[in-house]
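Counting from 1, one number per residue, gives the positions in the sequence shown under the UniProt record's numbering.
Ideal placement from N, C-alpha and C gives every residue a C-beta, glycine not left out.
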Amino acid sequence: MSEHSAFNPRRRALLAGFGSTAVVSLAACTSTPSRPSAQTGGKPLRIGLALGGGAARGFAHIGVIKALEAQNIVPALVAGTSAGSVVGALWAGGRDGIALNKLALTLDTDALSDWALPFRTRGLLKGAALQTFVNRELNNRPIEKLDRPLGVVATDLASGEPILFQRGSTGQAVRASCSVPSIFEPVRIGNHEYVDGGLVSPVPAAFARRMGADFVIAVDISQSPVGASLSSSVDVLLQTFTIMGQSIKAYELDKYADVVIRPTLPTMGGADFASRNMAVLAGEEAVRQILPTLRSKLAAAQQHAGA
1 MSEHSAFNPR RRALLAGFGS TAVVSLAACT STPSRPSAQT GGKPLRIGLA
51 LGGGAARGFA HIGVIKALEA QNIVPALVAG TSAGSVVGAL WAGGRDGIAL
101 NKLALTLDTD ALSDWALPFR TRGLLKGAAL QTFVNRELNN RPIEKLDRPL
151 GVVATDLASG EPILFQRGST GQAVRASCSV PSIFEPVRIG NHEYVDGGLV
201 SPVPAAFARR MGADFVIAVD ISQSPVGASL SSSVDVLLQT FTIMGQSIKA
251 YELDKYADVV IRPTLPTMGG ADFASRNMAV LAGEEAVRQI LPTLRSKLAA
301 AQQHAGA
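Encoded structure:
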């Protein structure tokens, strides 16, 4: 079971984003909730984490989670797009930042590359290996049975509409969210085919809000188009997505994110798995840099909520 939601026509017309592929993995709506409204009874803020796409740069999400947890800032829910859906799913499944870090450093990314041989016109990779990996790491638990609420964003290939998976096979939803067109085969779920969620929601802050977050921490790991690494065909493809998705991302982050964390990874391309540890450290450093602002905004939001 899943939920369709359409952003305004301006966003759909731009149809772009920043995705990830299995070979480089880990390598919203007709009516979307607005900014946090006042709560009653002094309830704690429901913090949502929005993890964006960015291929191998997605390892930075792990550093962000580690640093937030070290500061006792633990989100209540997570929405993920593409690489962000991989990290988000594993975190929602119960792993903390330290455990995610250990998994990342030992991950055999080559094992996630299942070539569609003979090569087919709809994609070079099947994506089944990524689906199997995620399901295995989560003991085959569906999204609704994970330890924390998880939303996985994908794109309906026929309509261009965004979709938020909140039930069903976790691995299959993540596979759909990571299915970059022409690299991955589209993923069929029910009567629909889905591709990379970054095409419609590069950093899913609006979806985190829709899931019930009062305060959204968004993590943008995409490269700046200026000076981006273009050393591989994957880098070129992701650069194209980045250029086309700038307006979509800016609109969503400005409207729905309370704080945006941007790890600094100037020389890391989308297929650079050798730099995974550097990416984790960059995520941690980005949190340290923004921590005073984050704490101030959290305190203000909590005060506004009536605590």
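- Apart from sequence neighbours up to five positions away, the residues of its chain that approach E284 with a beta-carbon distance below 7 Å are G63, K66, A67, ordered along the chain.
- Contact check for V180 and K249: beta-carbon distance about 16 Å, past the 8 Å limit, so the pair fails to qualify.
- In this structure A271 is in contact with A55, their Cβ atoms being roughly 7 Å apart against a cut-off of 8 Å.
- The alpha-carbon of T106 is positioned some 26 Å away from that of L230.
- The C-alpha of N101 is placed about 12 Å away from the C-alpha of G58.
- Between T264 and A279, the C-beta gap is not smaller than 8 Å, which leaves the two residues out of contact.
- Taking a C-beta distance under 8 Å as the contact criterion, A218 and A176 do not qualify as a contact pair.
- Within the same chain, Cβ atoms closer than 6 Å to the Cβ of L49 are found at P75, V78, I217, the five residues on either side in sequence being excluded.
- Taking the CA atoms as reference points, F165 sits about 19 Å from R136.
- Here S169 is buried: its Cβ has 16 or more other Cβ atoms, across all protein chains shown, within 10 Å.
- With fewer than 16 other CB atoms across the displayed protein chains lying within 10 angstroms of its CB, S247 is exposed.
- D220 places its beta carbon 8 Å or farther from that of T155.
- When DSSP states are grouped into helix, strand and coil, I73 belongs to the coil group.
- Nearest in C-alpha terms to Q172, of all of N139, L130, S201, E185, is L130.
- Of the residues L157, E161, L112, V174, the one whose Cα lies closest to the Cα of R141 is V174.
- Residue nearest to V152 within the set D110, F273, P266, A206 is A206 (criterion: CA-CA distance).
- Counted as a single uninterrupted DSSP element, the beta strand (DSSP E) harbouring V187 occupies residues 187-189.
- Checking the DSSP bridge columns, you'll see L49 partnered with V78, I217.
- In terms of Cβ geometry, L146 and A92 form a close pair [threshold 8 Å].
- Annotated three-state conformation of G151 is strand, per DSSP.
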